[in-house]
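Report on one structure; see the data block that follows.
There are 2 protein chains.
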Amino acid sequence: MKPQILFARLTLLMLAGSLAGSAQTPARLSDFIRPFVGTKGEGNTYPGPAAPFGMVQLSPDTDRELWDTASGYEYSDTSIMGFSLSHLSGTGIPDLGDFLFMPQVGEPKLVAGPKDHPEAGYRAPFSHDQEQASTGYYKVKLLDRNVTAELTAGERAGMMRFTFPETDKACIMTDLQHFLNGAKFKLIWSHVRVEDSSTVTGFHLINGWGKERYLYYAARYSRPFDSHKIMSDGKEVVYDSFKNYRFRSRNEAAGTNLQFLAEYKTHADEAITVKMAVSAISAANALKNLDAEIPTWDFDGLREQTRAKWDKEMGRIQLVEGTPEQKETFYTAMYHCFQAPNLYQDVTGEYRGLDSNIHNAEGFQNHAVFSLWDTYRATHPLFTLIQADKDADMINSMLAHYDQSADHLLPVWSLQGNETWCMVGYHSVPVIVDAYLKGVKGFDKERAYEAIKTTAMNPDHDGVATYDKLGWVPFDQENESVSKTLEYAFDDYCVAQMAKSLGKNDDYAHFMKRAASYKNLYDPTTGLMRGKNSKGEWRTPFDPHLFEQGGDITEGTSWQYTWYVPQDVPGLISLMGGKEKFSAKLDELFTFGANASQGLDDIQGRIGEYWHGNEPAHHVIYLYCYAGQPWKAQEKLRHVLKTQYGNKPDSLTGNDDCGQMSAWYIFTSLGFYPVCPGSDYYVIGSPAVKHAVMRLSNGKELTIKSENFADENVYIQSVLVNEKPWNSVFLPHREIADGGSIVFTMGPQPNKSWGTASTLIDNSTKP
Amino acid sequence: MKPQILFARLTLLMLAGSLAGSAQTPARLSDFIRPFVGTKGEGNTYPGPAAPFGMVQLSPDTDRELWDTASGYEYSDTSIMGFSLSHLSGTGIPDLGDFLFMPQVGEPKLVAGPKDHPEAGYRAPFSHDQEQASTGYYKVKLLDRNVTAELTAGERAGMMRFTFPETDKACIMTDLQHFLNGAKFKLIWSHVRVEDSSTVTGFHLINGWGKERYLYYAARYSRPFDSHKIMSDGKEVVYDSFKNYRFRSRNEAAGTNLQFLAEYKTHADEAITVKMAVSAISAANALKNLDAEIPTWDFDGLREQTRAKWDKEMGRIQLVEGTPEQKETFYTAMYHCFQAPNLYQDVTGEYRGLDSNIHNAEGFQNHAVFSLWDTYRATHPLFTLIQADKDADMINSMLAHYDQSADHLLPVWSLQGNETWCMVGYHSVPVIVDAYLKGVKGFDKERAYEAIKTTAMNPDHDGVATYDKLGWVPFDQENESVSKTLEYAFDDYCVAQMAKSLGKNDDYAHFMKRAASYKNLYDPTTGLMRGKNSKGEWRTPFDPHLFEQGGDITEGTSWQYTWYVPQDVPGLISLMGGKEKFSAKLDELFTFGANASQGLDDIQGRIGEYWHGNEPAHHVIYLYCYAGQPWKAQEKLRHVLKTQYGNKPDSLTGNDDCGQMSAWYIFTSLGFYPVCPGSDYYVIGSPAVKHAVMRLSNGKELTIKSENFADENVYIQSVLVNEKPWNSVFLPHREIADGGSIVFTMGPQPNKSWGTASTLIDNSTKP
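Top line first, the protein sequences correspond to chains P and L.
Taking our numbering, I'd label the letters of the first sequence as residues 7 to 773.
Taking our numbering, I'd label the letters of the second sequence as residues 7 to 773.
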């Protein structure tokens, strides 16, 4: 579609949105975004501005040490340390938060100070009454110093505007040693350099979640400094001809505790604006990024540019009807889905690769931050549907990562030129296969397959070689052996699907055999997945509710992981003795008393031992649909949508994990979900929208309508797909790939004849 | 000259050299080079191979902690730690020594161990009997392990060949935390990466003499490893599924104490060769450098290539007649002159600039390591004469440094993308002005002048602003105030010369006024240079023999620095009351009892308070020539040449300082010296060669002959310049700029009428 046409459509859609809502409804989709959602409690999102998939995320930090404040901002905190340039959205582990800018009045302070005594440092008390966050914009009053801070952001560069009171002693401090997870991670080195009287560049190297993360920044100030200081370990960097035996420049310094102070005398309400950009390559590139993206001092113009970008992104799914609360929830979820993977290349096309070398992204835009254990489930399948070009960029980025990997592995959990090895499995595979099989173009399928197969056959990685030989990962050789076995088996199903499509029949057979490995860990005496050692002996004693870091299960219990066979639910049902027994067992999951002391703090949203706050749960409710009891899924899905999502800061019950919690919301709201990425079908749940239009990646539109829609009408009575009656819970991708319509008719009571006799026809042989 | 012609000439010259010497005399000029010269005691040179001005210098390190072992190798040591890739030639401060390679047999050791117990570490005893160093080649037997190590080097890459005994347990270790000055400097970070089964890359960041020096290496091994290990803090980097909660690659690691072990089972006399290269930019560039420079495994071929390069360089001055000892001394001095400034850019043209950014050297080859306080004196003037193209590269490198300087300063003492601020003055200025005025082409004169003037007017640097205002650097505001004043005044003379040439008359006047500032510190009551405070009061009490780090004088005494007025010796003579008094005072300098406890250990070559081992002495003997007593200079110069230079490891009496000690030898041997770089004249001393031919930068030849040449015939009887009788001690550059001849007639007694009435006609007004 040509941009003009797109714009016309957007305008129309916006009007539609506007007319459908209340009189107060905003006219622009981006105005429904509520950046505070997920900032209180477990969500680990941040409230500051960012462009879609942007490289910078300017946002206030209230904490840099607590594990639970992974985005740097916790809504319950009452003071702000300052504003840093980069943030992770919803991860379980804190990182980034690079380079803190903080305006000060009076004698500058060089440390943040504790939360209970913010006055001991540069920390400032704030109140949510005098704070706002909207798309591309954040504003807060720093109460103790009477300074208003405003932030906006483009792709690689952002702006901060600080409005000062009248004072002889104002300064804008940059703390180069600021980054998140300061208690655990280490700043290796930093330097700062005054380029001219209104330009500064700096650098730091962090040994954090990734083993070495290089980041440079450049900042231009709207007013030349009246004076400037570099502080190192609390002392001004200055040449003293007697103390310093040799000359020392006051315009640059290197070390591990550096602050830069831009000092001013200000009049009342004087605004000083700082433009800043980052680069992983050099200060010169950060300056190029800055000057290319923000050539003027137009703060409001940049904010509007970014809003317009979000309008366009939000337009990919048009929620034609809905309450303001629902629209806010929905578009905020979309917003969170489009936070990551992040752009990670300079305007020159250069980026720092996994091998630390400087590469040129040729034919794609390099992206980083792949939280794949989470996002392969629904976020990437959502991209497959509505962000195919971006998904191709991401896949090309993953292939570049593979090329650069000393271990010849696709990313596991990659973070800006680093592999964190976080979590288990090789879930790059389902991302690529799902995209490939659903027609995403723009990457080389043979090259992709070579990377996929090499990854799945790696002799060193996490017990894969033994798994290939034995058919399971033995617990006496490897921790999290049950989760690894189950996840490898799913990933292998995906490898097999691509092998089949490429005519690699031997590979297909090999990986389909591996895809059935889950059977090796199903213990018929307990009806659960259970660890097995290299001699083939079961884990004894066996506590199926045990949650143990480094045990047999990854962030969960055997009861939770037993359901992890997305590639062959019928096979699992059969192992369990049929649909009735399977459903009854599933019922049990939701009725166990949740043990509050079990698991991790940030996994909430607990219904029995179903913990929606973590990803292993995400496909589980949909399993009822395979077992002939879709109405149970319908009721539970709507319950979770209603009780575990919303438009409030505390509306997320677990880490958003770079959009996976949110992508679950989007799919589930629309009435279907990719239980098995890499297959050709979705599973129909229960729609929570009355009328929505998805603009698919190919430009076609998929309209979703719910007749007789009401909060209490959670049960599907009937379905039309492309105007044909549809009596299956399984929705093939090909049915909607070229757009069309899905019309649900809803009611307050289950229609126990709809969908109950569905037969899964997957495009592959069952494992 | 076309290469073929040059080659033909070289061959002829080599033959000439061969015929002139004894029957054992080598046929190639490069074979006269004795790399061990200066490795014992103060010289601080290294014995390993390097290409002319090369980026790598592969050499054994015997020490990494002692200040006095600045090149890593001290001839008196009896054990070798290993072989590292980069070395400084003759500096007073240890640095570089990056990445140590050491073959081992048996259980690998990870620390070097102490000198008195080498068996406690990987250190190996060696004997000079089983060690050799020649041009482009070094070989040593590691006695305890029966391994022979051989080294050769190209520009950015080198090779090591290790010949092992038969063993199941051989390894080649790379210690990434090795660098020189380990006791004082700090390794900030390092990483290593196994690229494939015979290729490794690595990196370290050093906070050393320069604040942050980045270096990458790449190594390819002639045989794939049987196995490999990365060691971090003494432990193998390996994935242990129970100890490591998440996967950990065994193919890469980052940290501060890393070793890489390439492990082999070897048969008797099995040679394993390693090719290695460096880059300041990336591992990828190091690999490019490696593969471009050393495409094959031909160790001997590379050695021969480098010998041929040195033959060419040595051919710039043809010592047609001379004893083997003299030729060895002479060509080794040439060799040391052509060690630095070093090439500092990759084959891609990229280099890391002073601003840490990656730059492309356009139109020049970037060089680093500028020991300017030393080398402006004679090394660069030698380059002006016979290495003009290289000098232009260096000047363009200095101008790039200026462009990249946060302080808008030309280099003071620059080290590979860093400014060390070592020593005083702004001696980039005489280097550039000397080259400019003597016709070196290839740099932009207006751009150069702008850099020169801005540097000389810097408001922050080392008291320059106060000096500009008062006419001296006051000792109550600045240490080394006397040396700074005197050196600034000389540098300012040079600024003025260039200003005059460019028609900038106001600048000329301003800087010529500053060039006379030395007069402000001449104390007529003592007849010496003496500190003055900002009120104009003399330093009291005043000890003219005081040597005090951080006192009024830089590495010297008032008695030594009083002679530092190269730009206006007649003016100094006049201040001192005329030539007789001046000469008598100069006589005194050579007769003081040297106080052994005074000064620095590495400043030797002491004759009274004349300390030839440090640069402030280097022009002093020549001052007799200005005062009508050239025969005193003649005798003393020949004495120093004979007693303080030679072909033995201990033949240097002070730090060679990147070739300055050696350049003094070259000029002085040839019979003239650039007492005042930036002027248009040399001062004639006493030639120590019978017949030499300089091939000037413009291809013309200058022939120097000494009639009646003999060891004892140190006195000039008469001189012909271009066949004209020459009765002046001053030799204008223009007389020899297009080649020609200087014919000295020597005798055992002074001819007190030759040269005694010389009048200095400088091309400038006197200051």
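Even for Gly, the Cβ is constructed at its ideal location relative to N, Cα and C.
Keep in mind that this is a model prediction, so the values were computed, not measured.
So, under 8 Å CB-CB, residue i and residue j are touching, yes? Tell me the CB distance rounded to an integer number of Å.
| i | j | result |
| --- | --- | --- |
| residue 721 of chain L | residue 756 of chain L | 5 Å |
| residue 284 of chain L | residue 221 of chain L | 6 Å |
Short of 6 Å in beta carbon distance, which residues of its chain neighbour residue i, apart from the five on each side in sequence? Order them along the chain.
| i | result |
| --- | --- |
| residue 229 of chain P | 278 |
| residue 623 of chain P | 616, 617 |
| residue 627 of chain P | 639, 642, 643 |
| residue 706 of chain L | 744, 745 |
| residue 260 of chain P | 197 |
| residue 335 of chain P | 651, 652, 653 |
| residue 369 of chain P | none |
For residue i, collect the residues of the same chain with a Cβ closer than 7 Å to its Cβ; drop the 5 residues on either side in sequence, then sort them by chain order.
| i | result |
| --- | --- |
| residue 388 of chain L | 343, 669, 672, 673 |
| residue 12 of chain P | In this prediction, residue 12 of chain P scores a pLDDT of 43, lower than 50, which makes its location untrustworthy; the coordinate-derived value is nonetheless stated afterwards. Cβ within range, chain order: n/a, list empty. |
| residue 572 of chain L | 496, 625, 681, 682 |
| residue 172 of chain P | 272, 273, 274 |
| residue 758 of chain P | 637 |
| residue 677 of chain P | 690, 691, 692, 693, 710, 748, 750 |
| residue 828 of chain L | With chain L covering 7 to 773 only, the question about residue 828 of chain L has no answer from this structure. |
| residue 29 of chain P | Confidence at residue 29 of chain P is low in this model, with a pLDDT of 43, below 50, so the placement of that residue is unreliable and no value is reported for it. |
| residue 127 of chain L | 115, 117, 118, 119 |
Based on DSSP bridge pairs, tell me the residues matched to residue i.
| i | result |
| --- | --- |
| residue 199 of chain L | L/207, L/258 |
| residue 167 of chain P | P/156, P/279 |
| residue 272 of chain P | P/173 |
| residue 687 of chain L | L/738 |
| residue 161 of chain L | DSSP, once it has assigned bridges, lists no residue as partnering residue 161 of chain L. |
| residue 85 of chain L | L/131 |
Beta-carbon within less than 8 Å of residue i's beta-carbon, same chain only, minus the 5 sequence neighbours each way: which residues are those?
| i | result |
| --- | --- |
| residue 8 of chain P | Here the model assigns residue 8 of chain P a pLDDT of 41, short of 50, so the residue's position is not dependable, and the following value carries that caveat. Contacts found: none. |
| residue 363 of chain P | 410 |
| residue 447 of chain P | 394, 398 |
| residue 490 of chain L | 430, 431, 468, 469, 473, 479, 484, 560 |
What does residue i reach in chain L if we use C-beta pairs closer than 9 Å?
| i | result |
| --- | --- |
| residue 289 of chain P | 361, 362, 363 |
Chain L partners of residue i, CB-CB under 8 Å?
| i | result |
| --- | --- |
| residue 260 of chain P | 213, 217, 218 |
At a CB-CB cut-off below 7 Å, which residues of chain L make contact with residue i?
| i | result |
| --- | --- |
| residue 466 of chain P | 245, 256 |
| residue 194 of chain P | 194, 195 |
Applying a beta-carbon distance threshold of less than 7 Å, which residues of chain P neighbour residue i?
| i | result |
| --- | --- |
| residue 248 of chain L | 485 |
| residue 469 of chain L | 247 |
Can you pull the chain P residues whose beta carbon is under 9 Å from the beta carbon of residue i, in chain order?
| i | result |
| --- | --- |
| residue 199 of chain L | 361, 362, 412 |
Residues of chain P with a CB under 8 Å from the CB of residue i: which are they?
| i | result |
| --- | --- |
| residue 556 of chain L | 248, 251 |
| residue 428 of chain L | 252 |
| residue 209 of chain L | 362 |
Taking 6 Å as the cut-off, does the CB of residue i come closer than this to any heavy atom belonging to the ligand FAD?
| i | result |
| --- | --- |
| residue 595 of chain P | With respect to small molecules bound, the structure shown includes none, and the ligand FAD cannot be examined in it. |
request  = Please go through the region 373 to 458 of chain L and give each complete alpha helix (DSSP H) segment of 4 or more residues, from N-terminal end onward.
outcome  = Counting whole runs of 4 or more residues, the region 373 to 458 of chain L contains the alpha helix (DSSP H) stretches 378 to 381, 385 to 392, 394 to 410, 434 to 443.
message = As an exercise, report each continuous alpha helix (DSSP H) stretch of at least 4 residues that is fully enclosed by the region 292 to 331 of chain P, in chain order.
response = Within the region 292 to 331 of chain P, the complete alpha helix (DSSP H) runs of at least 4 residues fall at 305 to 320.
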